[in-house]
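For reference, the structure discussed in these notes is given below.
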Amino acid sequence: MDKTLFGVENLDVYVVLGILIFFVLSEIIAGFLASTKRNFGDWVQEAGGFFVLSLLIKPAIVASVFFLGRFLFPSAQNAIGEWSLWLMLPFYLLIDDVMQYWYHRSAHEYEFLWKLHRPHHQAEEMGFFVSYRNAALYYVLMPNIWWVGVVIFLGGVKGVALGLILKQLVIIGSHSTLSWDKFFYNRPFLNPVITLLERIIVTPAFHHAHHGKSMADNVSDPNANFGNMFSMWDQIFGTAKYTRQFPTDYGLVNDPKDKWTASYLWPIVGSDKPGSEIARDYKREKTTTLEPSRVELEPNKTYLFCQCGFSKNQPFCDGSHHGSKFKPMPFEVKKKIKARLCNCKHSKSSPFCDD
Ligand code: FES
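This is the structure we're talking about:
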C-alpha cells in the first residue's frame with residue numbers, strides 16, 4: 006500500500022504530531038498549563054486517554070476492519086486505490102464528519118452514550134487535551150474510527166492521511182485555549198472572512214459554547230454546536246448557535262466529581278459518589294407533578310425552566326436533562342412578579358402554567 010502523501014512517506018504522521026506539539030507548546034508558553042485546575046485524575050483521563058486511543062484503540066479497530074474485510078469482502082480491498090487524492094479526500098471527510106455529528110449528537114440525546122461522553126463535559130477548563138477526554142468505550146463505538154479502517158481497506162489511505170491532518174487542525178484548534186478566532190472578532194474589517202469561516206468549520210467560540218456550563222450565561226448551549234470539523238451540519242440540522250463569545254464557566258452543573266476510573270472505564274467500573282449518573286444504583290426518574298410551582302421572579306436574571314421533567318429542583322433545570330432530547334428553556338421577566346410555573350411539562354404557555 007502506497008503511504009506517501011505529496012511524495013513524502015508518512016507525511017500525515019509528521020504533520021499531525023507537529024500540530025499536537027504546536028498546540029501543547031503554545032498552551033505551555035501562554036501559561037495555561039501552569040495555572041491549570043486539573044487534578045491527577047483529569048490528567049490521566051486526558052493525556053492517558055490520548056495515548057490509549059492512539060496506540061491501542063485506533064490500531065485495534067483498523068486491524069479488525071482489515072480482518073473482517075478480507076474475510077467478508079475480499080474483492081473490495083483497494084477498490085478505490087486508483088482514485089485521485091481530491092476525490093478520496095471529500096469521500097472520506099464528508100462521510101466521516103456527518104457520522105461524527107450524529108454520533109456526538111446522539112451522545113447528548115441518549116442516556117447510555119451520554120454516560121460515555123460525559124467525561125468530555127466534566128472538564129472545567131478547555132485545552133488541547135480535552136479533545137481526547139471520553140470514556141474508553143465511547144471511542145470503541147465511534148463510527149468514525151471504524152470508517153478510517155474501512156477507507157484504508159478500500160485503498161483510500163491518502164484521503165484519510167490528508168483528512169486527518171485537516172481534522173486535527175480544526176478539532177484541536179476548537180478545543181484549545183488559544184482561541185485563534187478572537188483575532189478576527191477584534192478587527193471589524195475581517196468580519197467577512199470569519200463569517201465565511203465559521204459557516205464552514207468549527208471555530209473555538211462555536212465549540213467552547215458547547216462546553217459552557219449553563220445556558221443561563223446566554224452564550225453556552227451544550228445541546229447545540231455538535232459539529233466536529235464542519236459547522237455546516239449544525240446549520241443543516243438546526244442546532245447551530247453563534248455568539249462569538251466564550252463562556253466564563255465550563256463543566257457540568259452538579260458534577261459529583263467521580264473518580265477517573267469510573268469516568269474512563271464506565272460501564273465496567275461504576276462511581277461510588279452518591280447521586281452520580283454513573284453510579285451502579287443510579288436511576289433517572291421523572292419529578293413532574295400536576296401542581297404548578299409558585300415562585301417569585303426577579304428582572305434582569307436568566308432562569309432555566311426544566312422541560313425534561315427530570316430535575317430535582319423543579320420547575321428549574323438542574324442539569325439532569327443530559328442524555329435526553331430535552332434542554333432547558335431560558336426565560337426572563339421584565340419586572341419582579343409572582344408566577345405559577347408549569348410542573349407537568351404540558352403547558353402551551355411554558356414556562357407558565359396554563360391549567
Ligand atoms: S433538568 Fe434541565 S431541562 Fe430538565
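So the number in my numbering is just where the residue sits in the sequence shown, counting from 1, plus 5. A virtual CB, placed ideally from N, CA and C, is assigned to each residue, including glycine. Since the structure is predicted, the reported quantities are computational estimates derived from the model, not experimental observations.
Next on the checklist: Let me confirm a value: Glu172 is counted as buried when at least 16 other C-beta atoms fall within 10 Å, else exposed. Which label applies?
Outcome noted: The sequence given here has Lys at residue 172, not Glu. Result: buried.
Checklist entry - Measuring CB to CB, does His368 end up less than 8 Å from Met131? => result Nothing in the structure corresponds to residue 368, since the chain is present only between 6 and 360.
Item to check | Residue nearest to Gln312 in terms of C-alpha spacing, selected from Asn305, Asp323 and Phe28 | outcome: Of the candidates Asn305, Asp323 and Phe28, the one whose C-alpha sits nearest the C-alpha of Gln312 is Asp323.
Item to check | Ordered list of alpha helix (DSSP H) runs contained in the stretch 127-176, each at least 4 residues | outcome: Runs found: 141-145 and 148-159.
Checklist entry - So the alpha helix (DSSP H) Ala68 belongs to, where does it begin and stop? => result The continuous alpha helix (DSSP H) containing Ala68 extends over residues Lys63 to Leu77.
Next on the checklist: Considering just the uninterrupted stretch of the beta strand (DSSP E) at Ile342, what are its terminal residues?
Outcome noted: Looking at the DSSP string, the run of the beta strand (DSSP E) that includes Ile342 is Ile342 to Leu346.
Checklist entry - Short check: CB of Phe235 to CB of Gly161, under 8 Å? => result Phe235 places its beta carbon 8 Å or farther from that of Gly161.
Next on the checklist: Taking its Cβ as the centre, do 16 or more other Cβ atoms sit within 10 Å of Val198, making it buried, or is it exposed?
Outcome noted: The residue in question, Val198, is exposed, as its Cβ has fewer than 16 Cβ neighbours within 10 Å.
Checklist entry - Quick one: is Asn139 near chain B, going by C-beta distance under 8 Å? => result Absence of chain B from the displayed structure is noted, only one protein chain being present.
Checklist entry - Do you know how far the Cα of Phe37 is from the Cα of Thr208? => result About 19 Å.
Item to check | Contact under 8 Å by Cβ, Pro335 with Ala245 | outcome: For the 8 Å CB-CB criterion, Pro335 and Ala245 do not form a contact.
Checklist entry - How many whole angstroms separate the CB atoms of Lys341 and Glu296, which I take to be in contact at a CB cut-off of 8 Å? => result Their Cβ separation, rounded to whole angstroms, is 23 Å, which puts Lys341 and Glu296 out of contact at 8 Å.
Item to check | Residue interval of the alpha helix (DSSP H) (run including Ser111) | outcome: Element bounds for Ser111: Leu90 to Glu114.
Item to check | Ordered list of alpha helix (DSSP H) runs contained in the stretch 215-303, each at least 4 residues | outcome: Within the stretch 215-303, the complete alpha helix (DSSP H) runs of at least 4 residues are 237-241 and 265-270.
Checklist entry - Excluding sequence positions up to five away, which residues of its chain have a Cβ less than 6 Å from the Cβ of Glu116? => result Take Glu116, set aside five residues on each side of it, and the residues of its chain with a beta-carbon closer than 6 Å to its own are Gly328, in chain order.
Next on the checklist: Spatial neighbours of Leu169 within its chain, please: C-beta separation below 7 Å, excluding the five flanking residues on both sides.
Outcome noted: Once the five neighbours on either side are set aside, the close Cβ partners of Leu169 are Asp17 and Val21.
Next on the checklist: Can you tell me where the beta strand (DSSP E) holding Phe188 begins and where it ends?
Outcome noted: Phe188 -> not in any beta strand (DSSP E); alpha helix (DSSP H) instead, spanning Lys187 to Tyr190.
Checklist entry - Secondary structure at Leu38, three-state DSSP: helix, strand or coil? => result Look at Leu38 here: in three-state DSSP terms it is coil, with no helix or strand label.
Checklist entry - Just how far apart, CA to CA, sit His213 and Ile62? => result Using only the alpha carbons, I get a separation of about 27 Å.
Checklist entry - Taking buried to mean at least 16 other C-beta atoms within 10 Å of its own C-beta, is Lys262 buried or exposed? => result Lys262 comes out exposed.
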